[in-house]
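Colleague: Below is the structure I would like to discuss, written out as structure tokens.
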Amino acid sequence: MGTRLQVYEAAGITVTFDPTVCRHTGVCLRTLPEVFDVRRKRWIRPELDTPDAVEAAVRKCPSGALQCSRPSAGGTAQE
Ligand code: SF4
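Be aware that the sequence shown starts at 357, since it is given in the numbering used here, and climbs by one per residue.
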């Protein structure tokens with residue numbers, strides 16, 4: 357079965373990536389190069405910027421390959 361959904365969790369935000377949808381535009385890489393870095397095995401590291409910044413970058417993804425969800429405010433996130 358080849359590719360499947362990748363999930364990257366951090367405190368305050370969870371980012372998912374569907375490699376079958378990505379069009380390799382590089383928008384995410386240019387928007388937040390620290391968070392999105394394909395040279396790493398774990399190429400998305402949402403903990404390296406604020407959840408707001410990560411969500412904004414996810415929304416710029418033109419293909420919809422990137423999606424994110426955020427826990428409701430007031431929840432306790434574990435490290
Ligand atoms: S912005 Fe979206 S479509 Fe473009 S490379 Fe990143 S994940 Fe793929």
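Virtual Cβ for every residue (Gly too), placed ideally from N, Cα, C.
Any idea if L388 is buried or exposed, counting beta-carbon neighbours within 10 angstroms, 16 or more meaning buried?
Modeller: Buried, since its Cβ has 16 or more Cβ neighbours within 10 Å.
Colleague: Report all residues from its chain with a CB closer than 7 Å to the CB of V371; omit the five preceding and five following residues, and keep chain order.
Modeller: Within the same chain, V371 has close Cβ partners Y364, I400, P402, V410, V414, L422 and C424.
Colleague: Is T381 a contact residue of ligand 1, with contact defined as CB to any heavy atom under 7 Å?
Modeller: Correct: T381 has its Cβ closer than 7 Å to ligand 1.
Colleague: In whole angstroms, give me the CA-to-CA distance for A367 and S428.
Modeller: Each residue's Cα considered, the two are about 12 Å apart.
Colleague: State the start and end residues of the unbroken beta strand (DSSP E) segment that holds C417.
Modeller: Careful: C417 lies outside any beta strand (DSSP E) and carries neither H nor E.
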